[in-house]
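Residue numbers (the working numbering): 29 to 305. Quick reminder that beta carbons are idealized off the backbone N, C-alpha and C, glycines included. Only a predicted model underlies this, so the values are computations on that prediction, with no experimental measurement involved. See structure below.
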């Protein structure tokens, strides 16, 4: 899976570089363009595409904002957990912006409760190739004495290990949750039934302890919060990609790395939006 950067409508403050299924995305400025993009897509991302299109009187922007902040603030979550929540939101936003042929078939919100969602971070369907992609997102700030690239590689390694474990496990709930996400995200159609059939087959394999990660396409996503004076590089992602491909633990692999100076900029924006609506 690849894309041509020239095909992406530019968003001010978002810089992209891509090669060989490795992508880096630098958020250099939390611009008006990016704020508008969040306003236009927050409901779809958090609640699911079907709900955003058919239940607009119930699931409003203001209500979705409030719900996000309740989840963010509930039980005084640890800073690392909060960074993870913002990192996942940022990944949802940017992957939808960059790859318009990929449709998320899982909402950001955990629908059963306000705790962190259990299961795969994002399930995406490629309408060009009729393939399912499973994304795992890891986020964090750079530690003392660590470079942005070192943090990126560490987070991608965590994402790889987590997905390897889950995709080879007999945990059928992962696929049950994925099926629930499809029902919330998509209108009933032949494509929806096709996606559900893929997930149902994976559910059956997990129940029989026949799940194999090598059958799945994955997107390994890292969110690094650090000054852009120390930027992540595309070269190190490509070197890591060679190693992962050599391990032959997944079918197709993409590495997607995001860097932004601070996650609180996004939190402050969401709080401000909530207060004026």
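Just curious, the beta strand (DSSP E) that residue 236 is in, first and last residue?
Locating residue 236 in the chain shown gives position 208, where the first residue counts as 1. Per DSSP, residue 236 belongs to no beta strand (DSSP E) and is neither H nor E.
Near residue 203, which residues of its chain fall below 7 Å by C-beta distance, leaving aside the five closest residues on each side in sequence?
If you number the chain shown from 1, residue 203 lands on position 175. Contacts found: 227, 230, 231, 234.
Paired residues, beta bridge with residue 161 - DSSP
Here residue 161 is taken as the residue at index 133 of the chain shown, counted from 1. Note: residue 161 sits in a beta bridge opposite 152, 245.
Given 8 Å, three or more beta-carbon pairs between the region 82-96 and the region 153-167
no
Count the CB pairs spanning the region 243-263 and the region 160-180 that are closer than 8 Å, and state whether there are at least three.
Verdict: yes, contact present.
Thinking C-alpha only, which one of 116, 37, 74, 78 is nearest residue 285?
Start at 1 with the first residue of the chain shown, and residue 285 comes out as number 257. Per the Cα distances, 116.
Range of the contiguous alpha helix (DSSP H) that encloses residue 301
Residue 301 sits at position 273 when you count from the first residue of the chain shown. Start and end: 292-304.
Member of 36, 43, 278 whose CA lies at the smallest distance from the CA of residue 57
As a working mapping, residue 57 is identified with position 29 in the chain shown. When C-alpha distances from residue 57 are compared across 36, 43, 278, the shortest belongs to 43.
For residue 62, which residues in the same chain have their Cβ closer than 7 Å to its Cβ, ignoring the five residues on either side in sequence?
The residue you call residue 62 lines up with position 34 of the chain shown. Excluding residues within five positions, the ones whose Cβ falls inside 7 Å are 39, 41, 42.
Considering only DSSP beta bridges, list what residue 286 is partnered with.
For the purposes of this step, residue 286 is taken as residue 258 along the chain shown, with counting starting at 1. Paired residue(s): 53, 251.
Contact set for residue 71: own chain, Cβ-Cβ below 7 Å, skip 5 residues either direction:
Mapped onto the chain shown, residue 71 falls at position 43. Once the five neighbours on either side are set aside, the close Cβ partners of residue 71 are 80, 87, 89, 92.
Can you find the residues in the same chain that come closer than 8 Å, C-beta to C-beta, to residue 65, ignoring five residues on each side of it along the sequence?
Counting from one through the chain shown, the residue named residue 65 turns up at place 37. Taken in chain order, the residues that qualify are 39, 121, 125.
Does the contact criterion of 3 or more C-beta pairs under 8 Å hold for the region 241-248 versus the region 200-216?
no
Are the region 45-60 and the region 183-202 touching by the rule of at least three beta carbon pairs closer than 8 Å?
no
Beta-carbon proximity of residue 255 to residue 198, cut-off 9 Å
The residue labelled residue 255 in the question sits at position 227 within the chain shown. The residue labelled residue 198 in the question sits at position 170 within the chain shown. No; because the gap between Cβ atoms is not below 9 Å, this pair is not in contact.
CA-CA distance, residue 69 and residue 136?
Reading the chain shown from its first residue, position 41 is the one you call residue 69. Reading the chain shown from its first residue, position 108 is the one you call residue 136. Each residue's alpha carbon lies about 12 Å from the other.
Quick check on the burial criterion: 16 or more other C-beta atoms within 10 angstroms. Buried or exposed for residue 201?
Working through the chain shown from its first residue, we reach residue 201 at position 173. Classification of residue 201: exposed, given that the 10 Å Cβ count is below 16.
Sufficient close CB pairs (3 or more, under 8 Å) joining the region 282-296 to the region 244-253
A contact exists between the region 282-296 and the region 244-253.
When we look at the beta-carbon of residue 149 and count the other beta-carbons within 10 Å, is it buried (16 or more) or exposed?
What you label residue 149 is simply residue 121 of the chain shown in a count that begins at 1. Answer is buried; the Cβ neighbour count reaches 16.
Just to confirm the assignment: which complete alpha helix (DSSP H) runs, minimum length 4, are found wholly within the region 178-213?
201-213
In chain order, what residues of the same chain have a beta carbon less than 6 Å from the beta carbon of residue 130, not counting five sequence neighbours either side?
In the chain shown, residue 130 corresponds to position 102, counting from 1. If we look at residue 130 and ignore the five residues flanking it on each side, its Cβ neighbours are 152, 154.
Classify residue 93 as helix, strand or coil using the three-state DSSP reduction.
The residue given as residue 93 occupies position 65 in the chain shown. Residue 93: helix per DSSP, three-state reduction.
Classification of residue 77 by the beta-carbon crowding that lies within 10 angstroms, buried from 16 upward:
The residue given as residue 77 occupies position 49 in the chain shown. Counting Cβ neighbours within 10 Å, residue 77 comes out buried, since at least 16 surround it.
Per-residue DSSP class, three states only, for residue 320
Because the chain spans 29 through 305 in this model, residue 320 falls outside it and cannot be assessed.
Please identify the residue among 176, 301, 160 whose C-alpha is closest to the C-alpha of residue 264.
Taking the chain shown and counting its residues from 1, one reaches residue 264 at position 236. Out of 176, 301, 160, 176 has the C-alpha closest to the C-alpha of residue 264.
Can you have a look at residue 37 and say buried or exposed, based on whether 16 or more other CB atoms are within 10 angstroms of its CB?
Mapped onto the chain shown, residue 37 falls at position 9. Residue environment: residue 37 is assigned as exposed (fewer than 16 neighbouring CB atoms within 10 Å of its CB, all protein chains considered).
Rounded to whole angstroms, what is the Cα-Cα separation between residue 299 and residue 106?
Residue 299 sits at position 271 when you count from the first residue of the chain shown. Residue 106 sits at position 78 when you count from the first residue of the chain shown. For residue 299 and residue 106, the distance between alpha carbons rounds to 18 Å.
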